[in-house]
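Heads up: take any position in the sequence shown, counting from 1, add 274, and you land on the working numbering. We put the beta carbon where it would ideally sit given N, CA and C, even for glycine. Keep in mind that this is a model prediction, so the values were computed, not measured. A quick write-up on the structure given underneath.
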Amino acid sequence: MQFRKQPRRSLSARSTLIGLCVLIGGLAHAQDTGHSDLYVNVQGLQNSQGQVVANLFHEGEDVFGKPHLKQTQFIVERRAQLTFANLANGRYALIVFHDVNGNNDLDHNFLRLPAEPLGFSNGFELSLLSGMPSFRKLAFTAGPDSKTIDIAVR
């Protein structure tokens, strides 16, 4: 078996390769700045039983469908805080509920109305006058800086 000697790369080729690596690294870093953390403070909980469930929807998703991201958090002293870390910048909607029985599902009564307390982003409140929640009504923007949203469940 013979081994061929590899030709030496010229200084120009090495410089080009190094420059390309630096450029790719710079682009990767620029893409990293397109993410931020979203902090959600949940208030108005009637007790500390169960857990809080937060369903986060990305623009274009149906707020009655499967969420983009879902988190649960135990309640301490009738408050909870959730963090969606490294969230891509963009438009989102958030629905939070107090899962009193801890089954990870929003329970409904015999009229198919929510039986557990709910809270929504963008200050939306569920009522006969407000209509049903939609992405447009709940939308907020996650930008280049971390953001904190306060949501009251009722």
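Which residues in the same chain as residue i place their Cβ atom closer than 6 Å to its Cβ, once the five residues preceding and following it in sequence are excluded?
i, result
"Q347", "V326, A354 and L356"
"K421", "L312"
"D381", "A389 and E390"
"G405", "none"
Can you tell me whether residue i is buried or exposed? The criterion is at least 16 other CB atoms within 10 Å of its CB, across all chains shown.
i, result
"Q305", "Low local confidence applies: a pLDDT of 48 at Q305 is under 50, so the model's placement there is unreliable, and no value is given."
"G372", "The sequence shown places His at residue 372, rather than the Gly named in the question. Result: buried."
"A416", "buried"
"V350", "exposed"
"N383", "exposed"
Once you ignore the five residues that flank residue i on each side, which residues in its own chain have a CB closer than 7 Å to its CB?
i, result
"V337", "F331, A367, I369, P407, S408, F409 and L412"
"I419", "Residue identity check: residue 419 is Asp in the sequence provided, not Ile. Here the set comprises S310."
Assuming residue i and residue j make a contact with CB atoms under 8 Å, what is their CB distance in whole Å?
i, j, result
"G308", "N363", "5 Å"
"N375", "G324", "6 Å"
Which residues in the same chain have their Cβ closer than 8 Å to the Cβ of residue i, if we skip the five residues on either side of it in sequence?
i, result
"S401", "none"
"L319", "V326, I349, R352, R353, A354, H372, P391 and V427"
"H342", "L330, F331, H332, E335 and Y366"
"L387", "none"
Can residue i and residue j be called in contact, C-beta distance under 9 Å?
i, j, result
"S310", "R352", "no"
"N329", "I423", "no"
"Q345", "I425", "no"
Evaluate the contact criterion for the stretch 326-342 versus the stretch 401-410: three or more CB pairs, one atom per stretch, below 8 Å. Three or more Cβ pairs drawn from the stretch 326-342 and the stretch 401-410 lie within less than 8 Å of each other, which places the two stretches in contact.
Give a yes or no on contact between the stretch 387-404 and the stretch 355-373, applying the rule of three or more CB pairs nearer than 8 Å. yes
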